[in-house]
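Asker: Residues are numbered in the working numbering as their position in the sequence shown, beginning at 1, plus a constant of 23.
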Amino acid sequence: MTLHPIPNLIPTTTEPTSARDRAIITELAAWFDRAARPLPWRSTPRNPYHALVAEAMLQQTQVSRVVTYFTRLIARFPTLDALAAAPEQDVLALWSGLGYYRRARSLHAAAQAIIKHHAGVIPTNLAALQALPGVGRYTAGAIASIALGQPAPIVDGNVARVLLRLEGQDQLTTQPRIHQWAWLRAQALAHACAAADPAGTLIARFNEGLMELGATICLPAPAQPHCLVCPLRERCLAQARGVQAQIPPPKPSKKTPHVAAVVVVICDTQGRVLLEQRSQAGSTATATSTATTTSTSTTPAPTTGMWVGLWQCPTLETLGRLTKAAALASAKELTQMRSGEPASVRPAGDFEHQTTHLAFRFHVFAAQAAACVRKGASRRWMMSVDLHELGLSSAASRALQMGLASAAVRQHAPAKPTQPAKPTQPAKPTTPKQTVNNSASSSTSRRNKL
Ligand code: SF4
């Protein structure tokens with residue numbers, strides 16, 4: 024393997040490595056050899072393609088959640104070529120439920136860029152790695168060091184916390200300064216790894232050890248770090264001074280805006296459900312007069328760019344909160360916009376969904392389609408057994424299941440006790456539409472009791 028120089032991040036210091044740094048590196052690498060969790064992307068030797076996929080999935084996401092998604096994606100796309108050749112929708116479908124869907128699109132685009140510009144070989148050069156879609160400084164450093172043996176530093180929240188505590192660094196209070204300090208410290212340690220082991224195996228074990236320690240031992244508040252079992256306990260300045268719980272300082276809390284999302288699960292008489300592809304602008308519907316005048320805010324939701332390209336039931340999003348009556352009015356309007364039957368709209372349930380920057384409240388409704396419902400390139404009628412073919416966010420999937428469950432309850436609801444029919448009056452044959460409308464009214468009252 025040819026190792027290319029790293030133009031922008033190669034440590035330039037000529038300081039000899041201190042004995043303490045040497046001890047930190049070797050002790051942490053040795054601990055990682057003993058204690059590393061067996062994860063599907065930790066093959067021996069490391070596979071750069073697996074590292075690329077794993078690092079994309081691990082951003083903002085816990086390891087335990089990533090394992091299943093990683094295994095499934097690699098089974099479907101065992102090589103970078105296979106991933107690059109796949110339709111984006113197939114990648115999004117495999118990503119459904121993992122969140123942060125921009126990562127899936129970026130991973131797919133990165134695979135295509137590697138095929139196009141690097142003859143299908145993941146570059147070892149950090150600058151070239153960082154030029155790939157979705158690959159930032161941390162991800163480039165992780166791939167370069169762990170899979171390719173380059174002396175590249177890495178810093179994420181876990182690594183920064185470990186380094187700050189290790190050095191007893193409690194003077195830095197702002198995120199930019201903490202970030203800057205942590206990168207410099209990680210860079211010095213990467214340099215020490217390269218000096219001790221030019222072949223590049225030490226940096227891989229050390230960087231993964233830093234990540235592993237932050238994820239399993241040196242835990243963030245409110246959990247306590249497990250210093251008694253920490254391999255760096257003897258080197259840790261925060262532990263020596265008993266200040267590890269105060270490092271790093273808590274981040275200032277931010278107020279998360281509320282977004283009301285009205286979702287209508289519209290089914291047709293054949294049991295198919297209407298799905299729409301989400302655009303760059305956000306919800307598939309546009310707030311109009313009726314919806315917004317009944318809400319607490321007339322400002323469109325700040326969801327531009329969220330869940331782009333994924334599928335969902337017709338949805339209307341509004342910044343702020345909605346009363347039940349306002350949500351129902353919005354649902355009827357949305358159903359009308361899709362040429363459904365507003366009269367058939369009934370509540371299916373509500374739930375909260377938190378993203379990094381927004382606090383959603385989903386108001387889910389079920390409705391029956393009319394004979395003519397608008398169609399378009401970004402709309403599909405799907406049987407529920409085929410829904411796995413589409414990429415849905417976890418929130419859209421939950422809303423869909425809620426609406427379908429409501430529709431199923433309605434279909435299987437026992438008939439209301441009725442007055443005995445007069446023997447002289449034979450029952451009228453009912454059309455499917457009439458059956459739906461009749462049962463809709465009975466199910467609404469039952470749901471209200473629940
Ligand atoms: S001794 Fe404690 S605070 Fe220091 S690195 Fe280890 S777990 Fe973290």
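Beta carbons are placed, not taken as given, at the ideal position from N, Cα and C, and that holds for glycine.
Is L342 helix, strand or coil by DSSP?
Answerer: Looking at L342 - three-state DSSP - the assignment turns out to be strand.
Asker: Given the structure, does I240 come close to the ligand SF4, in the sense that its CB is under 7 Å from one of the ligand's heavy atoms?
Answerer: I240: yes, Cβ under 7 Å from the ligand SF4.
Asker: Check this for me: beta carbons of C290 and V282, under 8 Å apart or not?
Answerer: No.
Asker: Between which two residues does the alpha helix (DSSP H) harbouring Q198 extend?
Answerer: First-last of the alpha helix (DSSP H) with Q198: Q198 to A219.
Asker: Taking 7 Å as the cut-off, is the C-beta of P71 nearer than that to any heavy atom in the ligand SF4?
Answerer: Checking the Cβ of P71 against the ligand SF4 gives no.
Asker: In terms of residues, what are the limits of the beta strand (DSSP E) holding D373?
Answerer: Per DSSP, D373 belongs to the beta strand (DSSP E) from R369 to Q377.
Asker: At the level of alpha carbons, what is the spacing between Q391 and G343?
Answerer: Going by the C-alpha atoms only, they are around 28 Å apart.
Asker: Can at least three beta-carbon pairs, one atom from the region 178-196 and one from the region 262-279, be found at a separation below 8 Å?
Answerer: The answer is yes - the region 262-279 touches the region 178-196, with three or more Cβ pairs under 8 Å.
Asker: Verify whether the separation of the beta carbon atoms of Y124 and W330 is less than 8 Å.
Answerer: Cβ distance < 8 Å, so Y124 and W330 count as in contact.
Asker: Compute every distance between the C-beta of Q262 and the non-hydrogen atoms of the ligand SF4, then say whether any falls below 7 Å.
Answerer: Q262: yes, Cβ under 7 Å from the ligand SF4.
Asker: Counting C-beta neighbours from all protein chains within 10 Å, is the total for R228 16 or more, i.e. buried, or is it exposed?
Answerer: So R228 counts as buried.
Asker: Quick check: does the Cβ of C290 come within less than 7 Å of any heavy atom belonging to the ligand SF4?
Answerer: C290: no, Cβ never under 7 Å from the ligand SF4.
Asker: Hey, H376 and A350 are a contact pair by Cβ (cut 8 Å); roughly how many whole angstroms apart?
Answerer: H376 to A350, Cβ: 15 Å. No contact.
Asker: Within its chain, find whatever has a CB closer than 8 Å to the CB of D44; leave out the 5 residues flanking it on each side and keep chain order.
Answerer: Same-chain partners within the cutoff: A211, L212 and A215.
Asker: Consult DSSP for E364 and reduce its assignment to one of helix, strand or coil.
Answerer: It is coil, neither helix nor strand.
Asker: Looking at Q192 and the ligand SF4, is the gap between the Cβ and the nearest heavy atom below 7 Å?
Answerer: False, no ligand heavy atom lies under 7 Å from that Cβ.
Asker: Consider the C-beta atom of R65 and the heavy atoms of the ligand SF4; say whether any pair is separated by less than 7 Å.
Answerer: No, the ligand SF4 has no heavy atom inside 7 Å of this Cβ.
Asker: Note the first and the last residue of the continuous alpha helix (DSSP H) segment covering H140.
Answerer: Segment R125 to H140, the alpha helix (DSSP H) holding H140.
Asker: Can the beta-carbon of W206 be found less than 8 Å from the beta-carbon of P176?
Answerer: A contact, by the Cβ cut-off of 8 Å.
Asker: Out of G120, S119, L155 and R126, which has the shortest C-alpha to C-alpha gap to A136?
Answerer: The shortest C-alpha separation from A136 is found at L155.
Asker: Alpha carbon to alpha carbon, what distance is there between W64 and C253?
Answerer: About 24 Å.
Asker: Leaving out the 5 sequence neighbours to the left and right, which residues in its chain are closer than 7 Å to T224 when beta-carbon positions are compared?
Answerer: Excluding sequence neighbours, T224 sits near G172.
Asker: Let me check one thing: in DSSP terms, what residues is F229 bridge-paired to?
Answerer: Bridge partners of F229: none, in fact.
Asker: Are E356 and A393 touching if we call contact CB-CB under 8 Å?
Answerer: Their beta carbons are not under 8 Å apart, which means E356 does not touch A393 by this criterion.
Asker: Quick one, are the C-beta atoms of A348 and V288 less than 8 Å apart?
Answerer: No; because the gap between Cβ atoms is not below 8 Å, this pair is not in contact.
Asker: Which of the three DSSP states is assigned to A314 in this structure?
Answerer: Legend: pLDDT at A314 = 39, less than 50; position of this residue unreliable, no value from coordinates given.
Asker: Distance check for S353 and L81, CA to CA, integer angstroms please.
Answerer: Taking the straight line joining both Cα atoms gives about 37 Å.
Asker: On the three-state DSSP scale, how would you describe H281?
Answerer: Reduced to three states, the DSSP call for H281 is strand.
Asker: Check the C-beta distance from A167 over to T197 and give it rounded, since I have them as a contact under 8 Å.
Answerer: A167 to T197, Cβ: 28 Å. No contact.
Asker: Contact between the region 100-112 and the region 51-63 is defined here as three or more beta-carbon pairs at a separation below 8 Å; is this criterion met?
Answerer: These segments do not touch.
Asker: Can you determine whether any heavy atom of the ligand SF4 sits closer than 7 Å to the C-beta of P61, and answer yes or no?
Answerer: Result no, Cβ not under 7 Å from the ligand SF4.
Asker: Taking 7 Å as the cut-off, does the CB of L233 come closer than this to any heavy atom belonging to the ligand SF4?
Answerer: No, the ligand SF4 has no heavy atom inside 7 Å of this Cβ.
Asker: Is P337 buried or exposed, if buried means 16 or more other CB atoms sit within 10 Å of its CB?
Answerer: Answer is buried; the Cβ neighbour count reaches 16.
Asker: So what's R301 in DSSP terms, helix, strand or just coil?
Answerer: In the structure shown, R301 sits in coil (DSSP, three-state: anything other than H, G, I, E or B).
Asker: Please report how far the alpha carbon of A133 lies from the alpha carbon of I145, in whole angstroms.
Answerer: One C-alpha to the other measures close to 10 Å.
Asker: Quick check on DSSP: helix, strand or coil for H380?
Answerer: H380 falls in the coil class under three-state DSSP.
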